[in-house]
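Quick note: the sequence shown uses the working numbering, first residue 1, plus one each step. No residue lacks a Cβ here, since even glycine has one placed at the ideal position from N, Cα and C.
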Amino acid sequence: MSDSLFTELKQRNVFKVGTAYLVVSWLLIQIVDTVVPHMTLPEWIPGFVIIALMVGFPIALILAWVFEITAEGIKKESEVKRDESTTSQTGRKLDFIIIGLMAIALTYFIYESRFTTGKEELAKEQSSSTKPTELQASDLSIAVLAFADMSPNKDQEYFSDGIAEELLNLLAKLPKLRVAGRTSAFSYKNKDIKIAQIGEELNVAHVLEGSVRKAGNTLRITVQLIDARTDTHLWSETYDRPLDDIFAIQDEIAGKVVAELRLEILGEMPKVQKIDDEAYILYLQARHLANQTSKESVAKAIELYKAVLEIEPSHAPSWTWLAAEIHNYRPYDARPFEEVDQEEQDALNKALVADPNYPEVYSVLGTRAVSENDLGSAIKHYTRAMELGPKNLDVIRHISSAFLGDALGRYDEAIEGLKYVLARDQLNVKLLANLGVRYMAYQNWGEAIKYSQRVLRLSPDAGAIHFRMGYAYFEMGNVEAALAEFAQERIEFVSLAGKAVAYHALGRQAEFDNVMIEFKKHPSAKDSPTILAMVYAETGDIETAFELIFHAVKQKQTYIPEIFNASWLSNLHDDPRWNELRTKLGLEKETLEAIEFTLILPD
Numbered sequence: 001m002s003d004s005l006f007t008e009l010k011q012r013n014v015f016k017v018g019t020a021y022l023v024v025s026w027l028l029i030q031i032v033d034t035v036v037p038h039m040t041l042p043e044w045i046p047g048f049v050i051i052a053l054m055v056g057f058p059i060a061l062i063l064a065w066v067f068e069i070t071a072e073g074i075k076k077e078s079e080v081k082r083d084e085s086t087t088s089q090t091g092r093k094l095d096f097i098i099i100g101l102m103a104i105a106l107t108y109f110i111y112e113s114r115f116t117t118g119k120e121e122l123a124k125e126q127s128s129s130t131k132p133t134e135l136q137a138s139d140l141s142i143a144v145l146a147f148a149d150m151s152p153n154k155d156q157e158y159f160s161d162g163i164a165e166e167l168l169n170l171l172a173k174l175p176k177l178r179v180a181g182r183t184s185a186f187s188y189k190n191k192d193i194k195i196a197q198i199g200e201e202l203n204v205a206h207v208l209e210g211s212v213r214k215a216g217n218t219l220r221i222t223v224q225l226i227d228a229r230t231d232t233h234l235w236s237e238t239y240d241r242p243l244d245d246i247f248a249i250q251d252e253i254a255g256k257v258v259a260e261l262r263l264e265i266l267g268e269m270p271k272v273q274k275i276d277d278e279a280y281i282l283y284l285q286a287r288h289l290a291n292q293t294s295k296e297s298v299a300k301a302i303e304l305y306k307a308v309l310e311i312e313p314s315h316a317p318s319w320t321w322l323a324a325e326i327h328n329y330r331p332y333d334a335r336p337f338e339e340v341d342q343e344e345q346d347a348l349n350k351a352l353v354a355d356p357n358y359p360e361v362y363s364v365l366g367t368r369a370v371s372e373n374d375l376g377s378a379i380k381h382y383t384r385a386m387e388l389g390p391k392n393l394d395v396i397r398h399i400s401s402a403f404l405g406d407a408l409g410r411y412d413e414a415i416e417g418l419k420y421v422l423a424r425d426q427l428n429v430k431l432l433a434n435l436g437v438r439y440m441a442y443q444n445w446g447e448a449i450k451y452s453q454r455v456l457r458l459s460p461d462a463g464a465i466h467f468r469m470g471y472a473y474f475e476m477g478n479v480e481a482a483l484a485e486f487a488q489e490r491i492e493f494v495s496l497a498g499k500a501v502a503y504h505a506l507g508r509q510a511e512f513d514n515v516m517i518e519f520k521k522h523p524s525a526k527d528s529p530t531i532l533a534m535v536y537a538e539t540g541d542i543e544t545a546f547e548l549i550f551h552a553v554k555q556k557q558t559y560i561p562e563i564f565n566a567s568w569l570s571n572l573h574d575d576p577r578w579n580e581l582r583t584k585l586g587l588e589k590e591t592l593e594a595i596e597f598t599l600i601l602p603d
């Protein structure tokens, strides 16, 4: 650069303008980086600001070169006579501005440096509270994928899925082997995804995949064990056997996996419970239908479980899952509540008689006890479930969600337990949704929204998720964003409830009146007392809200823990009747805090 050009740049204050611009830009970036995460703003804003500032830098330098600030305003530099130039005065002003900006930047920098350690610790703590425990793909970890149906008519999906699920459950009983959850492992079904990617996403070192061909009473099961880290086939086998050999085949496959992974087994190798061939096929069909969760599939699953039990009356899993599906079908069952409730209890009692060491039955009994507000029995059943199935993810999920979360309100412990399960079943939509609910009860709206967004990425049509996101935005004060979410909710009754609350808050009376007419007439209104109570509570009708809650509790129309953990009933908490109800039900905070129960999470 020639001396004359350097002198001219200096004379026109180009260097000082550039310095001031860079300091201001740095401060703006720090402000944006601090503010945006705490506001409901798009994630692209910080990047946009940085790009805009980069583009603006050369423009600022060009403007400083071309123009000059004079007593008469801004003029082109070429139009200003040398003896009328004010660049030296402007330069001194820029000096003071730069010094001031540098002082602000230095203060901010010292502050950040002073508290870096504290912030890192806080970030670490927050990270551990918002993300599932990170797991490394240890040698002793495996995912069992859904087996492919290779039958001639492609009508044996229930059988191929069932065989894979039974193997998964069998391997999950091994103390030292970490097995990815069924929901996550089966989510890759019918997808062309590389084994290495599956291993990375599920944090497992090995993958077991296979296919089933069933024709009449003849089976061909092909299985292969793959090292997901190297995409190396460790072992494969094809079994051509008659149908009545299916239990022996499953035991053999599990034994081969144990041998290949050099897994040390203390005591006997767990084995599949053998039952009648016809009953086993019906059982696998029932499990397949129950996993679809629709009204029709659940009704058919109940029918099939009963058919299994006609053949095998001592099959504890069928009694347990029959009880679970009777419970799930309650909203559609026209029979009296007492009749349905007794049928569910009878099935659980028969499961206990059939196999008093089946952990899942105690887990279901514990959750049933919570729904009946019998916390003493819940503790007894959950304790026994943990003793029999310490690694059982369903047991840990039930205890974390229904007992620690719903019944006791110990949200930190509930979230820890659910995240333990999530780390082993990362693509489980129901689990992600459950975590969102826990964070709502905790009134951590930001985390509730994050987990709800994860649910929608995996299952865009999931019900109640847009409502929960909307309510979180509502509580954060962003009613317009809440209304947008409520409008997208796929469950009509819940969508109407959300829109009613939002319209009322926005003062849009005519729209509120119209929605309330639809809301009150909706068929689901009589079966959803807590949602009804929410709308009345949020719109100022506290009396009606309490009437609905008292009636629901008396008639056993509601899940009692939901009342005290529903964040949308917080408007009622300061009313004396709220604590009176807690006292009447024996759910005073002091009583709950005195309950001793610890969920031990295995390594």
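Taking C-beta separations shorter than 7 Å and ignoring five residues to either side along the sequence, the partners of I195 in its chain run V207, I226, A228 and D231, following chain order. Membership of A143 in the beta strand (DSSP E) is indicated by the continuous run S141 to V144. When I449, Q488 and N565 are compared, the shortest CA-CA separation from M476 is found for I449.
According to the DSSP assignment, G446 belongs to no beta strand (DSSP E) but to the alpha helix (DSSP H) extending over W445 to L458. Judged by beta-carbon spacing, L263 lies within the 8 Å limit of L174, meaning their Cβ atoms are closer than that value. A distance of 8 Å or more separates the beta carbons of Y280 and I302.
Comparing C-alpha distances from T598 to each of D575, E511, R384 and K554 shows the shortest one belongs to R384. Fully enclosed alpha helix (DSSP H) runs of no fewer than 4 residues occupy 393–398 of the region 384–409, in order along the chain. When the beta-carbon positions are compared, L393 and D425 come within less than 8 Å of each other. With respect to L167, Q273 sits apart: the two C-beta atoms are not nearer than 8 Å. If you draw a straight line from the Cα of E511 to the Cα of L483, it is about 12 Å long. The DSSP-derived three-state label of L506 is helix. Counting only the Cα atoms, T530 lies some 50 Å from G255. With the rule of 3 Cβ pairs closer than 8 Å, the region 482–498 does not count as touching the region 552–561. Excluding sequence positions up to five before and after V361, its CB lies within less than 7 Å of the CB of A316, T320, L348, A351 and L352, all in the same chain and listed in chain order. Under the three-state reduction of DSSP, S151 is assigned to coil, being neither helix nor strand.
Measuring C-alpha to C-alpha distances from D575 to each of A552, E543 and N565 identifies E543 as the nearest. Counting other Cβ atoms within 10 Å of its Cβ, I563 reaches 16 or more and is therefore classed as buried.
DSSP lists I142 and D227 as the bridge partner or partners of H206. Contact between V494 and V535 does not hold, since the beta-carbon distance rounds to 11 Å and is not under 8 Å. Contact between the region 576–585 and the region 387–405 is absent, with fewer than three C-beta pairs closer than 8 Å. Taking C-alpha positions only, H522 is separated from E339 by approximately 26 Å.
Sequence-distant partners of L261 (beyond 5 residues in either direction) whose C-beta falls short of 8 Å from its own C-beta, in its chain, are D139, L140, I142, L177 and H206.
Separation of the CB atoms of S160 and A172 is rounded to 19 Å, and the pair is thereby denied contact status at 8 Å. The straight-line gap separating the alpha-carbon atoms of I29 and S371 is approximately 51 Å. Here DSSP, grouped into helix, strand and coil, assigns T367 to helix. When only Cα atoms are considered, Y158 and A146 end up about 10 Å apart. Residue environment: H551 is assigned as exposed (fewer than 16 neighbouring CB atoms within 10 Å of its CB, all protein chains considered). Take the alpha-carbon of E518 and the one of R490: they are about 16 Å apart. Judged by beta-carbon spacing, K300 lies within the 8 Å limit of L289, meaning their Cβ atoms are closer than that value.
In the structure shown, I221 falls within a strand segment according to DSSP collapsed to helix, strand and coil.
Listed in chain order, the non-local C-beta contacts of N357 below 7 Å within the same chain comprise L388, local neighbours out to five positions each way being set aside. For the options V429, N444, G210 and Y442, the alpha carbon positioned closest to that of G463 is the one of V429. Going by DSSP, P242 is part of the beta strand (DSSP E) stretching over T232 to P242.
Spatial neighbours of S400 in its own chain (CB-CB distance under 6 Å, excluding positions within 5 residues in sequence) are listed in chain order as A414, G417 and L418. If the five residues before and after L219 are omitted, its C-beta is found closer than 8 Å to the C-beta atoms of V212, R213, Y239, D240, R241, P242, L243, D245, I246 and I249, all from its own chain and listed in chain order.
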